[in-house]
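Okay, structure first, notes after.
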DNA sequence: TTCATCATTCGACATGTTTCGAAGTATAGT
DNA sequence: ACTATACTTCGAAACATGTCGAATGATGAA
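Residue numbers (the working numbering), protein chains in the order written: chain A, 4 to 104; chain B, 4 to 104.
Next comes the structure, spelled out in structure tokens:
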């Protein structure tokens, strides 16, 4: 196992090691089957980060921080769409993590 | 997903989030196929923690700490055997983690 | 253009993690 | 009993993380 590969995986695990982030990615994974884009302006999940902030009892800036962590770990793709953001769970990263052991 | 279950998984991910611990568990997983006990006094892996200390360039006390972290996360079972320790990777924990997504 | 809304960045603080060396415990061999 | 070996615990230092509120940026609507 190369040092680089090891670092990449530990970054993924670190991203998932926080209960709030784990909750976030699990919820988003449910909303984005087949790695499709998940729009924040549909159904009950309108205002994506605001909703997470309310549900998790955290400040919006903290949610933004957690989103960034998940993105840097390669687990989340984030795109601006007007005022909101579009997010998609990177299923490849999830798969590679599952296949590690 | 219950709060308790979420905490349990994030503890597993946290244990794997450190490159040194990830390296340790991956090596041990190789040595203990079928969740059998892995004795520290066989083959090239004699003096388990001492070896890891040397190979990873860490102090023995640090390795001991990392072993403990892995044990508390439920990933490793540790038993004393004379001067050494017997360790076994908890395959159930690994499996539950793989099946989370 | 001005305003309201959603998201991000920044600075600060509290808390947690990683690491070491020193001291302690347990055990096997002499 | 003494010594050597393997591991653990403890205290401390350095560093990283989680969180907030305030300030900033970006976008769509009036």
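Here a beta-carbon is modelled for each residue, glycine too, at the ideal position from N, C-alpha and C.
Since the model is a prediction, treat every value here as computed from it, not as a measurement.
C-alpha distance - residue i paired with residue j, whole-angstrom precision
i	j	result
residue 93 of chain A	residue 24 of chain B	25 Å
residue 87 of chain A	residue 75 of chain A	19 Å
residue 103 of chain A	residue 96 of chain A	11 Å
residue 77 of chain A	residue 84 of chain B	42 Å
residue 70 of chain A	residue 79 of chain A	8 Å
residue 39 of chain B	residue 90 of chain B	At residue 39 of chain B the pLDDT is 47, less than 50, meaning the model places this residue with poor confidence and gives no usable figure here.
residue 56 of chain B	residue 9 of chain A	18 Å
residue 7 of chain B	residue 73 of chain A	22 Å
residue 27 of chain B	residue 22 of chain A	24 Å
residue 100 of chain A	residue 30 of chain A	18 Å
residue 15 of chain B	residue 98 of chain B	11 Å
residue 66 of chain B	residue 11 of chain B	23 Å
residue 51 of chain B	residue 59 of chain A	42 Å
Status (buried if at least 16 other CB within 10 Å, exposed otherwise) for residue i
i	result
residue 68 of chain A	exposed
residue 62 of chain B	exposed
residue 64 of chain B	exposed
residue 20 of chain A	buried
residue 81 of chain B	exposed
residue 17 of chain B	buried
residue 13 of chain B	buried
residue 5 of chain A	exposed
residue 33 of chain A	exposed
residue 53 of chain B	exposed
Contact set between residue i and chain B, taken where Cβ atoms lie within less than 9 Å
i	result
residue 80 of chain A	Within 9 Å Cβ-Cβ: nothing; residue 80 of chain A doesn't reach chain B, min ~16 Å.
DSSP bridge partner residues for residue i (one or two, in chain order)
i	result
residue 14 of chain A	Bridge partners of residue 14 of chain A: none, in fact.
residue 29 of chain A	Paired residues: none, contrary to the question.
residue 91 of chain A	A:80
Chain B residues whose Cβ lies nearer than 8 Å to that of residue i
i	result
residue 66 of chain A	Within chain B, no residue comes near residue 66 of chain A; the closest Cβ sits about 17 Å away, beyond 8 Å.
Chain A contact residues for residue i, given Cβ-Cβ distances below 9 Å
i	result
residue 101 of chain B	100, 101, 102, 103 and 104
Residues that residue i contacts on chain A, provided the C-beta gap is smaller than 7 Å
i	result
residue 12 of chain B	25
Check: residue i C-beta below 7 Å from any heavy atom of the ligand ATP
i	result
residue 64 of chain B	With respect to the ligand ATP, the structure shown offers nothing to examine, as it has no ligands at all.
Interface residues of chain B facing residue i [CB-CB closer than 7 Å]
i	result
residue 9 of chain A	22, 25 and 26
Give, in chain order, every residue of the stretch 15-36 of chain B whose Cβ lies closer than 7 Å to some Cβ of chain A.
Answer set for the stretch 15-36 of chain B: 16, 17, 19, 20, 21, 22, 25, 26, 29 and 32.
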